[in-house]
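In the order they appear, the protein sequences are chains A and B.
Position 51 of the first sequence, counting from 1, maps to 370 under our numbering, and the rest follow consecutively.
Position 82 of the second sequence, counting from 1, maps to 713 under our numbering, and the rest follow consecutively.
Ideal Cβ placement from N, Cα and C applies to all residues, glycine included.
Below: the structure, in structure tokens.
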Amino acid sequence: EAEVAQSPRYKITEKSQAVAFWCDPISGHATLYWYRQILGQGPELLVQFQDESVVDDSQLPKDRFSAERLKGVDSTLKIQPAELGDSAMYLCASSLTGYTDTQYFGPGTRLTVL
Amino acid sequence: EDQVTQSPEALRLQEGESSSLNCSYTVSGLRGLFWYRQDPGKGPEFLFTLYSAGEEKEKERLKATLTKKESFLHITAPKPEDSATYLCAVQGGSNYKLTFGKGTLLTVNP
């Protein structure tokens, strides 16, 4: 069964350092999403890609966060510099076309900022 | 702005004790309501999509229903392996964005 892959699964870093997360969506899925989930809360959308284009990054803190999906397949989310408040689970999801298609989630990256 | 409220925040059941989880929502133009299951430290796992009031879907011990203002996830004769956080999300408006609730933490004791 096809799955969304993410790495690393866990990341511990010190504040002011740079971190990067990688996501490989289900093959053939045109839409890719990055979510942030704080403990005890539901996921919140950070950025949405349709192929290689950003279609929604309204909730992405652009002073420190960046995301790219250069060839319209895998994607990287970067934080520079990391702050204590960035500690959370970072989830990647993909869907076939991005309309009412189901979003399938990866296992997530648990980030701890010390 | 789309909003989703789930209740209760936590629910503890004995094995075999049926119950329901609630998801109340406000959205401009519902395109779909989604239920996910999330185990600790893992990503959400898709369960159901409901598109219109009156629709129902079932999977094993779970049954999801939808009205114009809320959705229920009914759990019949739960087992300990049903213990997880259940998340509800709505998709509406023009951007197809999912808005999630905070989830209900279900614990089923043997």
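Closer than 7 Å at the beta carbon, the chain A residues around residue i
i	result
B:Leu-718	Gly-361
B:Gly-734	Gly-361
B:Thr-827	Because chain B is modelled from 632 through 741, residue 827 of chain B falls outside the range shown and cannot be assessed.
Coil, strand or helix - residue i by DSSP
i	result
A:Leu-403	helix
B:Asp-713	helix
B:Val-658	coil
A:Tyr-409	strand
A:Ser-335	coil
A:Val-323	coil
B:Ala-695	strand
B:Ser-649	coil
A:Glu-387	strand
A:Thr-416	coil
B:Ser-638	strand
B:Thr-707	coil
A:Thr-421	coil
A:Asp-343	strand
B:Lys-673	coil
B:Arg-668	strand
Min CB distance residue i to chain B below 8 Å
i	result
A:Gly-347	no
A:Asp-343	no
A:Asp-375	yes
A:Thr-419	yes
A:Arg-383	no
A:Gly-404	no
A:Arg-388	no
A:Leu-410	yes
A:Pro-426	yes
is_contact[residue i, chain A] using C-beta, thresh 8 Å
i	result
B:Gly-674	yes
B:Gln-634	no
B:Phe-731	yes
B:Arg-662	yes
B:Tyr-599	One cannot answer for residue 599 of chain B here, as it falls past the ends of chain B, which runs 632 to 741.
B:Thr-738	no
B:Lys-728	yes
When the options are compared against residue i, the one with the closest alpha-carbon
i	options	result
A:Pro-400	A:Leu-410, A:Tyr-409, A:Val-432, A:Arg-355	A:Val-432
B:Tyr-656	B:Glu-691, B:Asn-740, B:Phe-731	B:Phe-731
B:Glu-648	B:Lys-690, B:Ala-684, B:Lys-728, B:Pro-711	B:Pro-711
B:Leu-697	B:Tyr-682, B:Ser-651, B:Leu-718	B:Tyr-682
B:Asp-633	B:Arg-662, B:Pro-639, B:Lys-673, B:Thr-738	B:Arg-662
A:Glu-333	A:Asp-405, A:Leu-415, A:Leu-351, A:Trp-353	A:Asp-405
A:Ala-412	A:Tyr-329, A:Ser-335, A:Gln-367	A:Gln-367
B:Glu-686	B:Arg-692, B:Val-739, B:Phe-703	B:Phe-703
B:Asn-740	B:Lys-694, B:Leu-644, B:Ser-650	B:Leu-644
A:Val-338	A:Leu-351, A:Thr-419, A:Ala-407	A:Ala-407
B:Leu-736	B:Tyr-727, B:Val-721, B:Asp-713, B:Lys-728	B:Asp-713
A:Phe-384	A:Val-374, A:Leu-396, A:Ser-377, A:Gly-391	A:Leu-396
B:Glu-691	B:Ala-684, B:Leu-678, B:Lys-699, B:Glu-701	B:Leu-678
A:Leu-351	A:Thr-428, A:Gln-360, A:Leu-364, A:Leu-358	A:Leu-364
Contacts of residue i in chain B (Cβ-Cβ under 8 Å)
i	result
A:Tyr-423	Phe-677
A:Leu-364	Lys-728, Leu-729
Contacts that residue i makes with chain D (C-beta to C-beta distance below 8 Å)
i	result
B:Gln-722	Although the question refers to chain D, the structure presented lacks it and instead comprises the protein chains A and B.
Residue i: contacting residues in chain B (beta-carbon distance under 9 Å)
i	result
A:Arg-429	Gly-672
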